[in-house]
Amino acid sequence: MVKEVHKIARQSGERRIIIANSATSINESNKNDVVVDGSHFGRNVGEMAFNAGIRGMIGNDAGKGLDNSCIAGLKVLEEHGVPAAAVSNMSAMIGDGTSTYEEGEISAVNEAAKKLGITVGMSAKDAADKMFEAA
Amino acid sequence: MEEPLLGEKKVVKQSGEARLIIVDTTSDVREDNDTDVIVTGSHGGKVGGDYLSKLNVKGVISNDAGIGKNNAGIASLKILEEHGIPSATVSSMSSYIGNGTSTYEQGKISTVNEIASKLGIVVGMSAKEAADKMFEALIQETK
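Taken in order, these protein sequences are the chains called Y and U. For the first sequence, the numbering used here assigns the number 52 to the initial residue and increments by one for each residue that follows. For the second sequence, the numbering used here assigns the number 2 to the initial residue and increments by one for each residue that follows.
In structure tokens, the structure reads:
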């Protein structure tokens, strides 16, 4: 689970969009990447993503949950200027990064993502493209 | 209630080799947890079910992540059931996802698999009580 072979959805030079089932598989080797993953976007996931130094991230909103804890990671990344967004858990299957990427519809965005033109209702693919082009 | 602090793997109870363990993320569970009941902050999706069944843990309580598309948030329950492992989820509206202590302290059970059901674990029960039931059953088994 921690070791996972990531799919590469797009690549241009060192920049990539990668797809992961679990955010726990992200590390420093992903510092040039926009990450689309299947995990919830809770606070601990935001911290993992920040520690890895990634360029942008799209996860699952897990129904948002108690005090919006399932998307608390958006705020963590916002504080570091990293664009982040979540897809609705009714649009994509949690734990499945390919589903996030292929089927996901954006349900929440942080300020840094908003500045890139990422909006609620957009497809995850379009949102990932916008992060990729800005990275 | 405020969100409890995130932390490392915690041992809540121990009896012989059997332990009740709290983790914020399922990815912190390891081979040496094969005598343990696990309470995790992670969602209860397939990826965690595959991982935990391979490690042969003795019980799992995770977060239902709002259940979601195709019940993906609770897909692990069936997988664990097929491996004879009792499992339940707490509602994402009852506890903070990604925070195992919150799952344990605040979680309210939202779904159970057949094996957990046989242990008397029911929807609406506190996660603490459900974890106790899994732990007690484990101790009885290993006696």
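Ideal placement from N, C-alpha and C gives every residue a C-beta, glycine not left out.
Residue i - containing beta strand (DSSP E), residue span
i             : result
V48 (chain U) : Taken as a continuous stretch (DSSP letters only), V48 (chain U) belongs to no beta strand (DSSP E), being part of the alpha helix (DSSP H) at 47-56.
K14 (chain U) : 11-16
T90 (chain U) : 88-91
For residue i, the first and last residue of its enclosing alpha helix (DSSP H)
i              : result
V127 (chain Y) : 123-129
T41 (chain U)  : T41 (chain U) -> not in any alpha helix (DSSP H); beta strand (DSSP E) instead, spanning 37-44.
M126 (chain U) : Taken as a continuous stretch (DSSP letters only), M126 (chain U) belongs to no alpha helix (DSSP H), as it is neither H nor E.
V96 (chain Y)  : 94-103
Cross-chain neighbours of residue i in chain U, by beta carbon under 9 Å
i              : result
L117 (chain Y) : E4, S92, S93, M94, S95, S96, Y97, I98, S103, Q107
S120 (chain Y) : E4, S93, S96, Y97, I98, G99, N100, S103
Under 7 Å from the C-beta of residue i: neighbouring residues of chain U
i              : result
M141 (chain Y) : G69, K70
I145 (chain Y) : H44, G46, A66, G69, A73, G74
Rounded separation between residue i and residue j - CA only
i              : j              : result
E130 (chain U) : R66 (chain Y)  : 48 Å
K144 (chain U) : K59 (chain U)  : 15 Å
I77 (chain Y)  : V123 (chain U) : 36 Å
G42 (chain U)  : N64 (chain U)  : 6 Å
K79 (chain U)  : G64 (chain Y)  : 42 Å
A19 (chain U)  : F183 (chain Y) : 47 Å
R61 (chain Y)  : K181 (chain Y) : 12 Å
G89 (chain Y)  : S73 (chain Y)  : 6 Å
Q15 (chain U)  : I140 (chain U) : 9 Å
M141 (chain Y) : M135 (chain U) : 31 Å
L128 (chain Y) : E142 (chain U) : 45 Å
G110 (chain Y) : N71 (chain U)  : 17 Å
G17 (chain U)  : E32 (chain U)  : 17 Å
L167 (chain Y) : V87 (chain Y)  : 16 Å
Distance CB(residue i)-CB(residue j) smaller than 9 Å
i              : j              : result
L120 (chain U) : L81 (chain U)  : no
K109 (chain U) : S118 (chain U) : no
T112 (chain U) : A89 (chain U)  : yes
M144 (chain Y) : A73 (chain U)  : yes
V138 (chain Y) : T151 (chain Y) : yes
E154 (chain Y) : A175 (chain Y) : yes
V40 (chain U)  : G101 (chain U) : yes
V13 (chain U)  : L21 (chain U)  : yes
T36 (chain U)  : I62 (chain U)  : no
G1 (chain U)   : D118 (chain Y) : Residue 1 (chain U) lies beyond the stretch modelled for chain U, which goes from 2 to 144, so this question has no answer here.
H91 (chain Y)  : G99 (chain U)  : yes
A136 (chain Y) : A100 (chain Y) : no
G146 (chain Y) : G49 (chain U)  : yes
A178 (chain Y) : A164 (chain Y) : yes
Chain Y residues whose Cβ lies nearer than 9 Å to that of residue i
i              : result
G25 (chain U)  : With the sequence shown as reference, residue 25 (chain U) is identified as Asp, and Gly is not the correct amino acid for it. What D25 (chain U) touches in chain Y: G93, N95.
G125 (chain U) : None at all; the shortest Cβ gap to chain Y is about 16 Å.
Per-residue contacts from residue i into chain U (C-beta, under 8 Å)
i              : result
A113 (chain Y) : H44, N64, A66, G67, G69, G74, S93, I98
9 Å Cβ cutoff, residue i in contact with chain B
i             : result
S90 (chain Y) : No chain B appears in the structure shown, which is made up of the protein chains Y and U.
Neighbour list for residue i in chain Y, Cβ cutoff strictly below 8 Å
i            : result
G8 (chain U) : By Cβ distance, chain Y contributes nothing, its closest Cβ being about 10 Å from G8 (chain U), past 8 Å.
Practice task
Could you tell me whether the region 95-108 of chain Y touches the region 121-133 of chain Y, where touching means 3 or more Cβ pairs closer than 8 Å?
Solution key: yes
Handout entry: Cβ pair count under 8 Å reaching 3, the region 75-94 of chain Y against the region 103-117 of chain Y
Key = The region 75-94 of chain Y, when compared against the region 103-117 of chain Y, does touch it at the 8 Å Cβ threshold.
Problem - Contact between the region 18-27 of chain U and the region 79-91 of chain U (3+ Cβ pairs under 8 Å) - result: no
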